[in-house]
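Report on the following structure.
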Amino acid sequence: MEYISSALRLEFREFCVELALRQIDDIFQMAGIQPSQSEHAVNGARRSRVEDYYASINWANLADAQKFLKAIGLVLSQSYISDELKGQIRNACIQNGLIVEGYQVQLPKIPTSDEPNDLFMHQFPGGLPFGLIKPEFSVTAGKDKQSLKFELNSGIGIIWRDVYPNFDFSTFQIACGINSETNLALKKALFAMNQTEYEKKFFQTYAKHFGMADNHIPMLIPQAWIQWHSASKKVLQASGRPLAKELYRIDFVAFWNNHRYAILIDDISHYAIKCGNQWMADEEAYSKRLEEDRKLQLEGWNIFRMSNWDIKQDRVSEIVIDFQKIIRFPVP
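Mapping of the sequence shown onto the working numbering: residues 1280 to 1611, in sequence order.
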């Protein structure tokens, strides 16, 4: 198995041949790669030098692959490389399934024998339902064990598997058995799943600004049920169950670069209580929001929280750009 795709190798090679010979030597040798004799006859000193370095790399060898990724990371750290070129290289790495964090480029984590083969199925064994309606859950008997899963009903979508490292709209529509020419109803259904006008505006602005339906960027999954209980919250509250205080449904979730993100839009009730016709700031209400964040972070979620006041002030375009910068997905 080769660790680095031929597409990425080609793109990085074409980038390197535009550098000076000294820069080519510095990048590869600082990454621990020494030149060999290439079997390919090529024209030009710079292209020949790059081919010599490539000739010494065994793409099926993990150590060699990691050296190559170190060379890419060195390019991302160089001040003489333009931000535009760095962005192109970073995007190429992400599109080929690599993890890019700052100047570090890494292979996707390979599960060991004691780790789940599909991390998403391990995290959400019954699937991840999303939508405004509370999903139904079934427990059925099988030959060797019970099967537990959410039921696919009208107004509810469910994501089952194949989410990491990156989950975009194209992946989702393929899983739904739909193509780009017949996806209009799917896009309308996703939009309708947003609960408030502020969620709709955020979703629509993000989708239009980055071309969510057409480009390799994170898909916003609206109204995601990350927890579930058969009883209502009123029943749980009456019995003093701790689950009554926890988040069941999140405004949006996204999965990118082997990370999961919870996106929340707070209205005034998240930090105030209503007294007559007025809202009064309330420390306890605000404390609950902070407690929610801590719990989500302990569970492995990255939090992106905003206020609907920001959206009222027409700042939503700034917010979606901030979101892109934090996640570092490729800008189309």
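For glycine and all other residues, C-beta sits at the position ideal for the given N, C-alpha and C. Computed from a predicted model, the values in this text were never measured in an experiment.
Are the beta-carbon atoms belonging to residue 1505 and residue 1522 less than 9 angstroms from one another?
The answer is no: Cβ separation not under 9 angstroms.
Residue 1554, enclosing beta strand (DSSP E) - first and last residue
Where residue 1554 is concerned, the enclosing beta strand (DSSP E) starts and stops at 1551-1554.
In three-state terms, what does DSSP make of residue 1524?
Helix, per DSSP.
Taking all protein chains shown into account, do 16 or more other C-beta atoms lie within 10 angstroms of the C-beta of residue 1571, making it buried, or fewer, making it exposed?
It is buried - the Cβ of residue 1571 has at least 16 other Cβ atoms within 10 Å.
Quick one: what does DSSP say residue 1435 is sitting in, helix, strand or coil?
The answer is coil: DSSP assigns residue 1435 none of H, G, I, E or B.
Count the other C-beta atoms from every protein chain shown that fall within 10 angstroms of the C-beta of residue 1311, then say buried if there are 16 or more, exposed otherwise.
It is exposed - the Cβ of residue 1311 has fewer than 16 other Cβ atoms within 10 Å.
Could you tell me the distance, in whole angstroms, from the CA atom of residue 1359 to the CA atom of residue 1545?
Distance between the alpha carbons of residue 1359 and residue 1545: 42 angstroms.
Residue 1538 - containing alpha helix (DSSP H), residue span:
Taken as a continuous stretch (DSSP letters only), residue 1538 belongs to no alpha helix (DSSP H), being part of the beta strand (DSSP E) at 1538-1545.
Could you tell me the boundaries of the beta strand (DSSP E) in which residue 1582 lies?
1580-1586 is the span of the beta strand (DSSP E), which, as asked, contains residue 1582.
Does the beta-carbon distance from residue 1443 to residue 1537 come in below 9 angstroms?
Going by C-beta atoms, residue 1443 is nearer than 9 angstroms to residue 1537.
Let me know the secondary structure DSSP gives residue 1475 once reduced to three states.
The answer is coil: DSSP assigns residue 1475 none of H, G, I, E or B.
Contact set for residue 1301: own chain, Cβ-Cβ below 7 angstroms, skip 5 residues either direction:
Nothing meets the Cβ criterion.
Can you name, in chain order, every residue of its own chain whose Cβ lies under 6 angstroms from the Cβ of residue 1451, other than the five neighbours on each side?
Same-chain partners within the cutoff: 1498.
In whole angstroms, give me the CA-to-CA distance for residue 1454 and residue 1317.
The straight-line gap from Cα to Cα measures roughly 43 angstroms.
Less than 9 angstroms separating the beta-carbons of residue 1369 and residue 1355?
Yes, they are a contact pair.
Excluding the five sequence neighbours on either side, which residues of its own chain have a C-beta within less than 7 angstroms of the C-beta of residue 1290, listed in chain order?
In chain order, 1371 place their CB closer than 7 angstroms to the CB of residue 1290, counting only its own chain and leaving out the 5 sequence neighbours on each side.
Can you find at least 3 beta carbon pairs, one from the stretch 1431-1439 and one from the stretch 1405-1423, that sit closer than 8 angstroms?
With a cut-off of 8 angstroms, the stretch 1405-1423 and the stretch 1431-1439 count as touching, because enough Cβ pairs lie within range.
Give the list of continuous alpha helix (DSSP H) stretches no shorter than 4 residues that lie fully inside the stretch 1349-1377.
Runs found: 1362-1374.
Output the distance between the C-alpha atoms of residue 1579 and residue 1510, rounded to the nearest integer angstrom.
Straight through space, the alpha carbons of residue 1510 and residue 1579 are spaced by roughly 26 angstroms.
Distance CB(residue 1469)-CB(residue 1482) smaller than 9 angstroms:
Contact annotation: residue 1469 and residue 1482 have beta-carbon atoms nearer than 9 angstroms.
Check each candidate in 1552, 1547, 1500 and 1558 and name the one with the smallest Cα separation from residue 1528.
Ranking 1552, 1547, 1500 and 1558 by Cα distance to residue 1528 puts 1500 first.
Can you tell which of 1410, 1573, 1423 and 1284 has the C-alpha that lies nearest to the C-alpha of residue 1435?
Ranking 1410, 1573, 1423 and 1284 by Cα distance to residue 1435 puts 1410 first.
Quick one: using the 10 Å Cβ neighbour count with 16 as the cut-off for buried, is residue 1577 buried or exposed?
Around the CB of residue 1577, fewer than 16 other CB atoms lie within 10 Å, so the residue is classed as exposed.
Quick one: residues in its chain with C-beta nearer than 8 angstroms to the C-beta of residue 1475, no 5 flanking neighbours on either side, listed in chain order?
Closer than 8 angstroms at Cβ, skipping near neighbours: 1544, 1546 and 1587.
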